[in-house]
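Beneath this line is the structure, given in C-alpha coordinates, with notes to follow.
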(Lines of atoms letter the chains of each structure in order from A and count residues from 1; the text may use other names and numbers.)
(Lines give C-alpha, C1' and ligand atoms only; values in the text may rest on other atoms or scores of the structure.)
Protein backbone atom coordinates (compact mmCIF):
# COMPACT_ATOMS: atom_id res chain seq x y z
CA UNK A 1 0.00 0.00 0.00
CA UNK A 2 1.37 3.39 -0.97
CA UNK A 3 1.17 6.05 1.68
CA UNK A 4 0.67 9.65 0.65
CA UNK A 5 3.00 12.42 1.73
CA UNK A 6 0.29 13.61 4.06
CA UNK A 7 -0.01 10.16 5.66
CA UNK A 8 3.75 10.01 6.11
CA UNK A 9 3.92 13.46 7.69
CA UNK A 10 1.12 12.52 10.08
CA UNK A 11 2.91 9.27 10.94
CA UNK A 12 6.13 11.14 11.67
CA UNK A 13 4.21 13.59 13.85
CA UNK A 14 2.59 10.78 15.83
CA UNK A 15 5.82 8.84 16.32
CA UNK A 16 7.71 11.96 17.40
CA UNK A 17 5.20 12.28 20.22
CA UNK A 18 5.52 8.58 20.96
CA UNK A 19 9.33 8.73 21.18
CA UNK A 20 9.22 11.86 23.34
CA UNK A 21 6.57 10.41 25.65
CA UNK A 22 8.45 7.11 25.96
CA UNK A 23 11.86 8.45 26.94
CA UNK A 24 11.76 12.24 27.11
CA UNK A 25 13.60 13.66 30.08
CA UNK A 26 15.71 10.57 30.68
CA UNK A 27 19.45 11.30 30.74
CA UNK A 28 21.69 8.98 28.69
CA UNK A 29 22.88 6.92 31.68
CA UNK A 30 19.32 6.21 32.82
CA UNK A 31 18.20 5.67 29.22
CA UNK A 32 20.86 2.95 28.88
CA UNK A 33 19.34 1.12 31.87
CA UNK A 34 15.69 1.67 30.94
CA UNK A 35 15.39 -0.72 28.04
CA UNK A 36 11.65 -0.47 27.45
CA UNK A 37 11.62 3.34 27.12
CA UNK A 38 14.86 3.20 25.10
CA UNK A 39 13.52 0.63 22.67
CA UNK A 40 10.21 2.48 22.34
CA UNK A 41 12.03 5.74 21.61
CA UNK A 42 14.39 4.09 19.12
CA UNK A 43 11.44 2.50 17.34
CA UNK A 44 9.76 5.90 17.12
CA UNK A 45 12.94 7.45 15.71
CA UNK A 46 13.22 4.67 13.13
CA UNK A 47 9.64 5.24 11.98
CA UNK A 48 10.21 9.00 11.79
CA UNK A 49 13.34 8.50 9.70
CA UNK A 50 11.76 5.95 7.41
CA UNK A 51 8.57 7.86 6.78
CA UNK A 52 10.19 11.28 6.31
CA UNK A 53 12.80 9.80 4.00
CA UNK A 54 9.95 8.73 1.70
CA UNK A 55 8.26 12.14 1.55
CA UNK A 56 8.44 13.56 -1.97
CA UNK A 57 11.17 16.00 -2.93
CA UNK A 58 8.47 18.54 -3.77
CA UNK A 59 7.16 18.56 -0.19
CA UNK A 60 10.67 18.49 1.28
CA UNK A 61 11.56 21.60 -0.69
CA UNK A 62 8.75 23.53 1.00
CA UNK A 63 10.33 22.97 4.44
CA UNK A 64 14.09 23.34 4.15
CA UNK A 65 14.40 23.90 7.90
CA UNK A 66 13.56 20.24 8.54
CA UNK A 67 16.79 18.27 8.62
CA UNK A 68 15.51 15.61 6.23
CA UNK A 69 18.90 14.00 5.55
CA UNK A 70 19.99 13.92 9.21
CA UNK A 71 16.70 12.33 10.21
CA UNK A 72 17.15 9.58 7.61
CA UNK A 73 20.79 9.15 8.60
CA UNK A 74 19.81 8.66 12.25
CA UNK A 75 17.31 6.02 11.18
CA UNK A 76 19.98 4.24 9.17
CA UNK A 77 22.40 4.30 12.09
CA UNK A 78 19.82 2.84 14.47
CA UNK A 79 18.82 0.10 12.03
CA UNK A 80 22.14 -0.79 10.41
CA UNK A 81 24.80 0.15 12.99
CA UNK A 82 22.91 -0.24 16.25
CA UNK A 83 26.13 -1.05 18.13
CA UNK A 84 27.35 2.48 17.37
CA UNK A 85 24.35 4.28 18.84
CA UNK A 86 25.45 7.13 21.08
CA UNK A 87 22.85 7.49 23.83
CA UNK A 88 23.94 11.09 24.43
CA UNK A 89 22.84 11.90 20.88
CA UNK A 90 19.61 9.91 21.22
CA UNK A 91 18.78 11.68 24.50
CA UNK A 92 19.57 15.04 22.90
CA UNK A 93 17.34 14.29 19.91
CA UNK A 94 14.47 13.23 22.16
CA UNK A 95 14.80 16.15 24.57
CA UNK A 96 15.85 18.97 22.26
CA UNK A 97 14.89 18.24 18.69
CA UNK A 98 11.58 16.40 18.59
CA UNK A 99 9.55 19.38 19.78
CA UNK A 100 10.91 21.55 16.97
CA UNK A 101 10.26 18.76 14.45
CA UNK A 102 6.68 18.48 15.72
CA UNK A 103 6.28 22.26 15.36
CA UNK A 104 7.59 22.11 11.78
CA UNK A 105 5.25 19.22 10.97
CA UNK A 106 2.33 21.06 12.58
CA UNK A 107 2.95 23.84 10.05
CA UNK A 108 3.64 21.57 7.09
CA UNK A 109 0.70 19.18 7.52
CA UNK A 110 -2.04 21.83 7.06
CA UNK A 111 -0.14 23.21 4.06
CA UNK A 112 -0.13 19.75 2.45
CA UNK A 113 -3.78 19.21 3.39
CA UNK A 114 -4.73 22.44 1.59
CA UNK A 115 -2.64 21.59 -1.46
CA UNK A 116 -4.24 18.15 -1.80
CA UNK A 117 -7.78 19.55 -1.97
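Numbering (our numbering), first residue to last: 29 to 145. Virtual Cβ for every residue (Gly too), placed ideally from N, Cα, C.
Could you check which residue in 89, 110, 41 has the C-alpha nearest to that of residue 129?
As a position in the chain shown, residue 129 is number 101, starting the count at 1. The option with the nearest alpha carbon to residue 129 is 41.
Could you round the C-beta distance between residue 99 and residue 76 to whole angstroms and report it? I think they count as a contact, below 8 angstroms.
For this step, residue 99 is matched to residue 71 along the chain shown. For this step, residue 76 is matched to residue 48 along the chain shown. About 6 angstroms separates the two Cβ atoms, so the contact holds.
How far does the alpha helix (DSSP H) with residue 95 in it reach, from first residue to last?
In the chain shown, residue 95 corresponds to position 67, counting from 1. Per DSSP, residue 95 belongs to no alpha helix (DSSP H) and is neither H nor E.
Quick one: what does DSSP say residue 83 is sitting in, helix, strand or coil?
For this step, residue 83 is matched to residue 55 along the chain shown. Three-state result, residue 83: coil.
May I ask you to verify whether the stretch 47–67 touches the stretch 121–136, counting CB pairs closer than 8 angstroms and requiring at least 3?
By the Cβ criterion, the stretch 47–67 is in contact with the stretch 121–136, since at least three pairs of Cβ atoms, one from each stretch, lie closer than 8 angstroms.
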